[in-house]
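In the working numbering, the protein residues as written are 2 to 734. Where a beta carbon is used, it is the ideal one built from N, C-alpha and C, also for glycine. A short worksheet on the structure shown next.
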Ligand code: ADP
Ligand code: ZN
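Right, here's the structure in full:
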């Protein structure tokens, strides 16, 4: 593995110190000396002693030459001299500097495949030899018959085919009638074929695809924004860039916001390239992780489809990075090393000289502004594929078209559902709330059920008969008695969740075939996949779900989309709230009428005059973006200014508040920097910890990281208080 990168032993073997980065939250690399006659390239994997144990580490550079080598501990290169690509090491450094995370914590993201560097354990397979044993029972004869074709098989496979126990097979091995072949540990990954099923692209797809192919062929860093309306065939278009990278023999990374949910994507990939891509996400089993990681490192994995963590895979020669649905919030990693995978994909592309393609029907304002300014190549697809037209969108004023008391669907929506069912077409009802009801209260005393550890209401899940905190996951069986006043059967559910909406739907349409899709009614990706297939085959007439079904899916017979509550989320009070509402509603609306039959979208709201909703209804995207752009410019909000959030938390509320005040006092004055706070966070209590926030707002020209280092470097936090730094925050809770 990569031994070509290692130079022959130098004369001063083992005497020069090297710095070794360990995948642990330590401030930086430590110095070691190397055990044997290798010069150490950056990226070389070593076993390094740390305290009483040894630890996998990576040579990061040369060590401090002033330290005499014999005073250092000795690090040992792995037997196979495995080495991380230098571009990955550079990327780790970059991410650490930008996010102000310990380098070792970022390195840990790049080493997330246990055993990936172990020496291979070959698999043994057995085939027939020329020896025929003297005594042949029936069973033994069956084994010889099965293996007569000369092919190599595992013992288990032979035993199964011959219908004998594995002991019989082993006995024949011992007798010399079967001989072993060593096979590589893993079956090689199938290779995608660039010309397997080349589609006929329409004009605008064709020119966009050409531009993307040119970007790939240029073999240098560039960013393109593939900006096409929902259903315009963006996937078909960027697949041509993937094909080009394959022809050039370079590797490809395709990032998806929720990889476990992208069944349809994997099928489309296989239809285009003949085989499925390699996958990388948190649901992968240990063996598969090891297999994919190795194949990426060895260069055999040509296309990897992954979640944000796939950015940290050891690609040898990354020619193309696609970020599909680039506006998605799911690209922000909110725990541990806090980073935005879309932004880091651009950085990764620059370091690896790759073409980067950002894809969306509703780009982030950041990407939109970059495209407008000409920093990104802007490729537009304005029309839906085939005869499909964009759907008609109507705002339903709930003040005029009131639902029945305790219900959530207006008469207009119910009528539209009825017509759609009668026409034999499909509908989707969208409500971005899991569970049955977001609030339970006692009708006698007004007691509200809240989480003891979080400042949040408990959500009733009637399906599981439980009250659940959506923040810490704490759950209790649904009580029958109010714990506060002791009243019996006095609890009432307030507000709708998807389960309650489904109940209401069934009251109106008891005959209709309906399914709920939300992360707690479906047990894992397989169930969601089943629902999506059922929907594609027309076995379901109405799908009721949360944002997990809002985007990406393609159901040709889906003609009606109902948005139950467009006002949800508008109270969040952060800079991106309008953008997010627009994107989500636009995406949901985009599910309707994607084939021959025209689509209709009904958006229920209490404030139809709202500018965002008006823009959604008019499907007038650019008017909305330009308005939003001016607003952000005026308020120095991103991308026209920089933000960084500091979140202090701890079990001891006083210690947290004191620390918050101290931080604010010690903030150095600097031109173009303003500090807001400390203020209690929106969720003041989360998982039992009190939280305070400070927000740093800076002009674009300010080096925020340098400012933060100068400010926070000298400050010593008490052990009971934790500080999290979130550069470019998108969540303001
Ligand atoms: P988007 O991602 O832009 O919303 P999709 O890529 O899902 O759109 O495309 C919508 C539908 O049109 C898909 O079923 C896709 O297979 C089909 N399609 C798009 N372009 C072509 C093409 N050139 N030839 C055949 N089918 C296409
Ligand atoms: Zn909680």
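Residue of the options minimising C-alpha distance to residue i
| i | options | result |
| --- | --- | --- |
| residue 508 | 587, 419 and 450 | 419 |
| residue 27 | 105, 55 and 720 | 105 |
| residue 196 | 68, 729 and 240 | 240 |
| residue 70 | 97, 36 and 83 | 36 |
| residue 32 | 375, 63 and 444 | 63 |
| residue 114 | 284, 150 and 697 | 284 |
| residue 17 | 72, 373, 438 and 98 | 72 |
| residue 135 | 298, 177 and 301 | 177 |
| residue 417 | 344, 506 and 449 | 506 |
| residue 199 | 228, 232, 238 and 161 | 238 |
| residue 599 | 586, 407, 387 and 85 | 387 |
| residue 42 | 481, 90 and 539 | 90 |
| residue 118 | 467, 59 and 193 | 59 |
| residue 347 | 451, 221 and 228 | 221 |
| residue 453 | 434, 475, 445 and 460 | 475 |
| residue 688 | 624, 654, 706 and 259 | 654 |
| residue 87 | 564, 659, 298 and 612 | 298 |
| residue 450 | 429, 479, 422 and 434 | 479 |
| residue 1 | 110, 657 and 641 | With the chain represented from 2 up to 734, any question about residue 1 goes unanswered, as that position is not in the structure. |
With 16 other Cβ atoms within 10 Å as the buried cut-off, status of residue i
| i | result |
| --- | --- |
| residue 316 | buried |
| residue 252 | buried |
| residue 281 | buried |
| residue 605 | buried |
| residue 403 | exposed |
| residue 716 | exposed |
| residue 714 | exposed |
| residue 558 | buried |
| residue 320 | buried |
| residue 617 | buried |
| residue 729 | buried |
| residue 287 | exposed |
| residue 20 | buried |
| residue 328 | buried |
| residue 588 | buried |
| residue 484 | exposed |
| residue 24 | buried |
Alpha-carbon to alpha-carbon, residue j and residue i
| i | j | result |
| --- | --- | --- |
| residue 182 | residue 256 | 38 Å |
| residue 246 | residue 382 | 22 Å |
| residue 324 | residue 720 | 39 Å |
| residue 477 | residue 465 | 10 Å |
| residue 596 | residue 364 | 23 Å |
| residue 675 | residue 699 | 6 Å |
| residue 427 | residue 279 | 33 Å |
| residue 723 | residue 76 | 33 Å |
| residue 702 | residue 673 | 8 Å |
| residue 620 | residue 712 | 45 Å |
| residue 300 | residue 185 | 16 Å |
| residue 457 | residue 294 | 40 Å |
| residue 85 | residue 61 | 10 Å |
| residue 645 | residue 107 | 19 Å |
| residue 520 | residue 473 | 15 Å |
| residue 5 | residue 305 | Bear in mind that a pLDDT of 38 at residue 5, under 50, signals an unreliable position, so the number given afterwards is only what the model happens to contain. C-alpha separation (whole angstroms): 24 Å. |
| residue 244 | residue 211 | 12 Å |
| residue 7 | residue 40 | With a pLDDT of 40 at residue 7, under the threshold of 50, the modelled position of this residue cannot be trusted, and the question is left open. |
| residue 380 | residue 360 | 10 Å |
| residue 126 | residue 153 | 5 Å |
| residue 192 | residue 267 | 14 Å |
| residue 615 | residue 190 | 49 Å |
| residue 307 | residue 725 | 26 Å |
| residue 685 | residue 661 | 13 Å |
Contact under 8 Å by Cβ, residue i with residue j
| i | j | result |
| --- | --- | --- |
| residue 174 | residue 163 | no |
| residue 499 | residue 432 | yes |
| residue 269 | residue 312 | no |
| residue 233 | residue 384 | yes |
| residue 213 | residue 372 | no |
| residue 516 | residue 392 | no |
| residue 144 | residue 170 | yes |
| residue 206 | residue 274 | no |
| residue 258 | residue 160 | no |
| residue 217 | residue 249 | yes |
Cβ of residue i within 8 Å of any chain C Cβ
| i | result |
| --- | --- |
| residue 557 | Although the question refers to chain C, the structure presented lacks it and comprises just one protein chain. |
Residue i beta carbon near the ligand PLP (any heavy atom closer than 7 Å)
| i | result |
| --- | --- |
| residue 211 | As for the ligand PLP, it is missing from this structure, which binds only the ligand ADP and the ligand ZN. |
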